[in-house]
Amino acid sequence: MNIILFGPPGAGKGTQADIIVKNFKLIKISTGDLLREEMEQKTDLGLKIKSRMDQGKLIADDIITDLITKIISEKKSVEDIIFDGYPRNLNQAKILDTLIKKYNQRISCVLSLDVDKETLKKRILGRIICTNCGMTFNKYFNPPNEKTHDCGANYLKLRSDDTENTINSRIEIYTNQTLPILEYYEDKKILHKIDATGEIDKIYEEIRGIITSLET
Ligand code: AMP
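Shown next, in the form of structure tokens:
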């Protein structure tokens, strides 16, 4: 089963992906995490993309395709993946279809997390990520503690693109370039819309129900 977690920045894709991975045999592939790792390690690619990442602009499709192709080709099979933050435009959605078709696989469902703009802003400004394990927390809604996170406080960082300045442009890019993909998946009848304004556990329960129904 391959799943796409879809939604605007701050919708809780990373948080829900972490919970899903703990409960189902799925592997998370987050293009945002892969790109941040490149920046963290100051690779040539990391240095090249830093300015666009900090402005919240999308990174070129060929760079993203190279990252995804590399990670997929390292796996023995392309199944049981949860894609977080990918695809981000129609071109990427079509490329993903072609890539997974090569492995006789398909996308089982697209879970689209719906959140209003004000909530998105609060979530983005409170977001904390662990640079060691990649888990996502929020200093207001979901602060890390000994039970939920054991890498230590030194790894906890704010994201360089989570600023008041970039929020509006990131939401605008989402609306103009990413949101139109929903129609593509709606036509394929694999789209599930989820109200993701509420509490993390309740949103997960709805997601769990959908994934479980796909398993049977
Ligand atoms: P995310 O962690 O998904 O919020 O992504 C953070 C940033 O990484 C985005 O604002 C983009 O600059 C870049 N990015 C992540 N995934 C993609 C993608 N699939 N296509 C283009 N840029 C991406």
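According to my numbering, the sequence shown is numbered sequentially starting from -11. Just so you know, even glycine gets a beta-carbon here, dropped at the ideal spot from N, CA and C.
In the DSSP assignment, the residues bridged to Asp72 are Leu(-7) and Ser18. The criterion of a C-beta distance shorter than 9 Å is not satisfied by Ser148 and Lys45. When DSSP states are grouped into helix, strand and coil, Lys30 belongs to the coil group. For Asn142, the secondary structure class from DSSP, reduced to helix, strand or coil, is helix. When secondary structure is reduced to three states using DSSP, Ser148 falls in the coil class, being assigned neither helix nor strand. Thr3 and Arg111 have their alpha carbons spaced roughly 11 Å apart.
Scanning Ile(-8), Lys63, Ile51 and Pro(-4) for the CA closest to the CA of Leu23 turns up Ile51.
The beta carbon of Lys38 sits no closer than 8 Å to any heavy atom of the ligand AMP. For Arg115, the pairing in a beta bridge is given by DSSP as Asn126.
Under the three-state reduction of DSSP, Leu46 is assigned to coil, being neither helix nor strand. Taken from the Cβ of Ser100, every heavy atom of the ligand AMP lies 8 Å or farther away.
Closer than 8 Å to some heavy atom of the ligand AMP: that does not describe the Cβ of Arg111.
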